[in-house]
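J.: Protein chains in written order, with our numbering: chain A, 1 to 268; chain B, 1 to 268; chain C, 1 to 268. C-beta atoms are modelled at their ideal positions from N, C-alpha and C, and glycine is treated no differently. Here the structure is a predicted model, which is why all the values come from computation and not from measurement. Here it is: the structure, laid out below.
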Amino acid sequence: MADDRVSITITAGIADVRMTRPDKRNALDGAMFVALAEAGARLCTESNVRAVVLSGEGASFCAGLDFETMAGLGGNERGHPGSMTDGRITHLGQQVAWVWQEVPVPVIAAVHGHAIGGGIQIALGADIRIVHPDTKMSVREVHWGIVPDMTGTFMLSQLVRADVAKDLVLTARIFDGREAHALGIATRLSDHPYDDAMAMAREIADRSPDAIRAAKALLNGLFHSGAAEQFAAERRQIGSLVGRPNQVEAVTANFEKRRPNFVDESQR
Amino acid sequence: MADDRVSITITAGIADVRMTRPDKRNALDGAMFVALAEAGARLCTESNVRAVVLSGEGASFCAGLDFETMAGLGGNERGHPGSMTDGRITHLGQQVAWVWQEVPVPVIAAVHGHAIGGGIQIALGADIRIVHPDTKMSVREVHWGIVPDMTGTFMLSQLVRADVAKDLVLTARIFDGREAHALGIATRLSDHPYDDAMAMAREIADRSPDAIRAAKALLNGLFHSGAAEQFAAERRQIGSLVGRPNQVEAVTANFEKRRPNFVDESQR
Amino acid sequence: MADDRVSITITAGIADVRMTRPDKRNALDGAMFVALAEAGARLCTESNVRAVVLSGEGASFCAGLDFETMAGLGGNERGHPGSMTDGRITHLGQQVAWVWQEVPVPVIAAVHGHAIGGGIQIALGADIRIVHPDTKMSVREVHWGIVPDMTGTFMLSQLVRADVAKDLVLTARIFDGREAHALGIATRLSDHPYDDAMAMAREIADRSPDAIRAAKALLNGLFHSGAAEQFAAERRQIGSLVGRPNQVEAVTANFEKRRPNFVDESQR
Chain A
1 MADDRVSITI
11 TAGIADVRMT
21 RPDKRNALDG
31 AMFVALAEAG
41 ARLCTESNVR
51 AVVLSGEGAS
61 FCAGLDFETM
71 AGLGGNERGH
81 PGSMTDGRIT
91 HLGQQVAWVW
101 QEVPVPVIAA
111 VHGHAIGGGI
121 QIALGADIRI
131 VHPDTKMSVR
141 EVHWGIVPDM
151 TGTFMLSQLV
161 RADVAKDLVL
171 TARIFDGREA
181 HALGIATRLS
191 DHPYDDAMAM
201 AREIADRSPD
211 AIRAAKALLN
221 GLFHSGAAEQ
231 FAAERRQIGS
241 LVGRPNQVEA
251 VTANFEKRRP
261 NFVDESQR
Chain B
1 MADDRVSITI
11 TAGIADVRMT
21 RPDKRNALDG
31 AMFVALAEAG
41 ARLCTESNVR
51 AVVLSGEGAS
61 FCAGLDFETM
71 AGLGGNERGH
81 PGSMTDGRIT
91 HLGQQVAWVW
101 QEVPVPVIAA
111 VHGHAIGGGI
121 QIALGADIRI
131 VHPDTKMSVR
141 EVHWGIVPDM
151 TGTFMLSQLV
161 RADVAKDLVL
171 TARIFDGREA
181 HALGIATRLS
191 DHPYDDAMAM
201 AREIADRSPD
211 AIRAAKALLN
221 GLFHSGAAEQ
231 FAAERRQIGS
241 LVGRPNQVEA
251 VTANFEKRRP
261 NFVDESQR
Chain C
1 MADDRVSITI
11 TAGIADVRMT
21 RPDKRNALDG
31 AMFVALAEAG
41 ARLCTESNVR
51 AVVLSGEGAS
61 FCAGLDFETM
71 AGLGGNERGH
81 PGSMTDGRIT
91 HLGQQVAWVW
101 QEVPVPVIAA
111 VHGHAIGGGI
121 QIALGADIRI
131 VHPDTKMSVR
141 EVHWGIVPDM
151 TGTFMLSQLV
161 RADVAKDLVL
171 TARIFDGREA
181 HALGIATRLS
191 DHPYDDAMAM
201 AREIADRSPD
211 AIRAAKALLN
221 GLFHSGAAEQ
231 FAAERRQIGS
241 LVGRPNQVEA
251 VTANFEKRRP
261 NFVDESQR
């Protein structure tokens, strides 16, 4: 089943990786989590690959957690796979975003349609983001009574200022690709993000693969400082939120299309 | 007396905190330092508060150190309270800016008129800054022969590039809200910063308070790395400057409205 | 011979430092490396200097490594002096960029014409960059099968986002001063960068020299965290690239004006 979720085609040194669940806007269910992590793991070992393009088939890059998974968040269970994978600094939910940093060659995300919640966090895991100006994006987790816990807080901090990160996370507001570019979340805007991502991948594939791998490693060594600690903090915070009354109320009110009624600590 | 300096009104989960010394453009004297630190300390314990708006009554947010305090800098004494508060990483002068980071819910500064010296450092302590385009802002300390020592060097480094931080600190130049926005110091521009800050606070207060507190804690954990060390460095540097001949000359020449005559180390 | 490469003129507290090899666009050969490092070392001890302006005579700031030095990279030898200098965190190739951070007073680079490869890395070592809009700039190393190893990866990380740093390093593309300003690499644009740099230096020289030195030290203490580790990583990565088949092929193909033929690890 995970085989249906992601396709990999390698041509002339370029891996074309696609989320292939267009009928669900590539929403993240258990099979999609596994398929993305496996795709990344495979690309870590492909010595013939010089660049990767990551995109979504159909109308969107990735609309976030699957509806049914979200409904699960209204009950007392974890919304996405949370078990730690062996020897990693991530759990599976974090690994589907972080693995693109572990891939030793550049990963370019071509983003269009929607990149929401888990979807934007996966895009933030790529080295470069080429984004359609009309893309709808949001760090949406607070809307569901949770916090971004798929490496998004760490990757955001490399791209935007402290106040912008807080603005996006705290308001959970939806913004378009143009604003993403102005804020620093989109590397470039393009009306044809997939085509431009492939063109950039070809340009990189024409360079010395040794130098390209060394350059990514050298920059990552610098930018990844503190990642493991922050990922652990994400896991602690989400663990303290999921299933608590206010978090259940956030999800339940959303599904019942009513205004949520939250309680402050003093009233419990 | 400190009671005159800051007011707190809590309505529907929003704390409206105002500096209330409009006849002095909310300049910082000893009573204002104490009142700000106490206001922040109180908000750290108010479990019914979901968001804070920090603003200044009258024509300005805060024009910086009080004139008489500045005059004191021309003599051989510390310009603002420098004693460490128990168990903190700050002294009182730093605490009035840093306490807004310690408040567990989002703090939005509504900035207008002037935010100069200590005033801009307090604004930098907020999570979000909504700024009137005509606000006069400056990291003004070098003009007085000192350096920013109220957490400003650390908070600046989270918002602007290394060269921009140096430009602003080294030239002590005055810039307006529009440039502050272009540089990254203003989160948003608004012709009505107080109204827009209150609207944003209401939006945040409608979210799950657990998720909002967790999100601020999670992002602060990331962005605050190195804060204690830098605050100690600020205290060391200011301690080596205040009362030295060039610093006294900077203040004296300013008050005498003449060009200062500084000496280089080799001439002493 | 090194005496021909760099001139220093000190007037009214301002050191006017110029690369003086205009017939070669101030390209970096062994003598230029030594002359730049010595110029910086001298300015570390001049107690009468309050600000430094660093520029290049003739048509360009600095076009990068000297052609003959580059040709050397096609053989099995180091392209620029790599020996560690006593007690430093840099080797000589890094020191010519880093020394401007060690100089205790502000260093303003006036950049025009070309700032390529080693040239842009030297510009990044200055505190402030005033750049002509038509300047041709590039982090060019990957084009030669190597990586930036003259402190450029570290200094880039203080000015641009992680994705922008990767874009510039991985594509080795040439961009102009206008884009440099939009990206954060130029502090300011100017049609007369040297004149404007001198004006800024005069403004800084009118401030208390104690406060100016303290401010640079205070900000550097913050921004330099992690520098030594990253410089060591640069040295390791370049050591693993120079003289290897793909690196030699990059240089050889460039000089033979043909498309390079790189091999992936799996094919060796």
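Contact criterion: CB-CB distance below 9 Å. Does V111 of chain C meet it with respect to chain A?
T.: Chain A, which has no Cβ nearer than 9 Å to the Cβ of V111 of chain C, makes this no.
J.: For the 8 Å Cβ check, are there 3 or more pairs between the stretch 165-176 of chain A and the stretch 239-257 of chain B?
T.: The stretch 165-176 of chain A vs the stretch 239-257 of chain B: no contact.
J.: Which first and last residues belong to the alpha helix (DSSP H) in which A51 of chain C is found?
T.: Looking at the DSSP string, A51 of chain C is not in any alpha helix (DSSP H); the run it does join, the beta strand (DSSP E), is 51-56.
J.: Rounded to a whole number of angstroms, what is the C-alpha to C-alpha distance between V107 of chain A and H224 of chain B?
T.: Going by the C-alpha atoms only, they are around 29 Å apart.
J.: Under 8 Å: do the stretch 16-35 of chain B and the stretch 53-69 of chain B share three or more Cβ pairs, one atom per stretch?
T.: Contact holds: three or more Cβ-Cβ distances are below 8 Å.
J.: Suppose the cutoff is 6 Å on Cβ atoms and the five residues either side in sequence are ignored; what does the same chain contact list for A250 of chain A look like?
T.: Result list for A250 of chain A: W144, G145, P260, in chain order.
J.: Using 8 Å as the cut-off, can you tell me whether the stretch 43-55 of chain C makes contact with the stretch 85-95 of chain C, which would need three or more C-beta pairs spanning the two stretches below that distance?
T.: No contact exists between the stretch 43-55 of chain C and the stretch 85-95 of chain C.
J.: Show which residues of chain C have a CB atom less than 8 Å away from the CB atom of R129 of chain A.
T.: What R129 of chain A touches in chain C: D163.
J.: With C-beta atoms as the reference, is M32 of chain A less than 9 Å away from V6 of chain A?
T.: The answer is yes: Cβ separation under 9 Å.
J.: Can you tell me the Cα-Cα spacing of E234 of chain C and T151 of chain C, whole angstroms?
T.: Using only the alpha carbons, I get a separation of about 7 Å.
J.: Hey, is the stretch 125-136 of chain A in contact with the stretch 100-117 of chain A, meaning 3+ C-beta pairs nearer than 8 Å?
T.: Verdict: yes, contact present.
J.: I want to verify the contact list: residues of chain A whose CB lies under 7 Å from the CB of L168 of chain B, in sequence order.
T.: Those do not exist, as L168 of chain B stays about 15 Å from chain A at its closest Cβ, beyond 7 Å.
J.: To the nearest angstrom, how far is the alpha carbon of I10 of chain C from that of D16 of chain C?
T.: Approximately 6 Å between the Cα atoms of the pair.
J.: If you drop the 5 nearest sequence neighbours on each side, which residues of the same chain put their C-beta closer than 7 Å to that of I238 of chain B?
T.: Answer for I238 of chain B: I146, V147, D149, listed in chain order.
J.: Using DSSP with H/G/I as helix, E/B as strand and the rest coil, what is L137 of chain C?
T.: Correcting the residue type first, residue 137 of chain C is Met in the shown sequence and not Leu. In the structure shown, M137 of chain C sits in a strand (DSSP, three-state: E or B).
J.: Name the chain A residues that come within less than 9 Å of G226 of chain C, Cβ to Cβ?
T.: Neighbours of G226 of chain C on chain A, chain order: L222, S225.
J.: Answer with buried or exposed for G125 of chain C, where buried requires no fewer than 16 other C-beta atoms within 10 angstroms of its C-beta.
T.: Per the 10 Å Cβ criterion, buried.
J.: Tell whether a beta-carbon distance below 9 Å holds between I8 of chain B and A227 of chain B.
T.: Result no, Cβ atoms of I8 of chain B and A227 of chain B do not sit closer than 9 Å.
J.: Just the C-alpha distance for A110 of chain A and R202 of chain A, rounded to the nearest angstrom, thanks.
T.: Rounded to whole angstroms, A110 of chain A to R202 of chain A spans 14 Å at the Cα level.
J.: For chain A, is any of its Cβ atoms less than 9 Å away from the one on D176 of chain C?
T.: No - not a single Cβ of chain A is within 9 Å of the one on D176 of chain C.
J.: What is the DSSP secondary structure of I14 of chain A, reduced to helix, strand or coil?
T.: In this structure, I14 of chain A counts as strand in the three-state DSSP scheme.
J.: Just to confirm before moving on: does the CB-CB distance between V142 of chain B and R129 of chain C stay below 9 Å?
T.: Taking 9 Å as the Cβ cut-off, V142 of chain B and R129 of chain C do not qualify as a contacting pair.
J.: Are the CB atoms of T153 of chain C and L222 of chain A nearer to each other than 9 Å?
T.: Their beta carbons are under 9 Å apart, which means T153 of chain C touches L222 of chain A by this criterion.
J.: Kindly list, in the order they appear in chain A, the residues whose Cβ is closer than 7 Å to that of Q158 of chain B.
T.: Per Cβ cutoff of 7 Å: R161, A162.
J.: Grouping DSSP H, G and I as helix and E and B as strand, with all else coil, what is S240 of chain C?
T.: Helix.
J.: Under the DSSP definition of a beta bridge, which residues are partnered with C62 of chain C?
T.: The partner list for C62 of chain C (beta bridge, DSSP) reads C:A115.
J.: Is there a C-beta anywhere in chain C that falls below 9 Å from the one on P193 of chain B?
T.: No, no contact with chain C.
J.: Could you confirm whether any beta carbon from chain C is found closer than 9 Å to the beta carbon of E179 of chain A?
T.: Taking Cβ atoms only, chain C never reaches closer than 9 Å to E179 of chain A, which makes this a no.
J.: Hey, quick one: how far does the alpha helix (DSSP H) through V248 of chain B stretch, first residue to last?
T.: Looking at the DSSP string, the run of the alpha helix (DSSP H) that includes V248 of chain B is 245-255.
J.: In the structure shown, what three-state DSSP assignment does H181 of chain B receive?
T.: The answer is helix: DSSP assigns H181 of chain B an H, G or I state.
J.: Which chain B residues sit within Cβ distance under 9 Å of S240 of chain A?
T.: Simply D210, A214.
J.: Exposed or buried, what is T69 of chain B when buried is set at 16 or more other beta-carbons lying within 10 Å of its beta-carbon?
T.: T69 of chain B is buried by the Cβ-count criterion.
J.: Suppose the cutoff is 7 Å on Cβ atoms and the five residues either side in sequence are ignored; what does the same chain contact list for N220 of chain B look like?
T.: Excluding positions up to five away in sequence, the list reads Q101.
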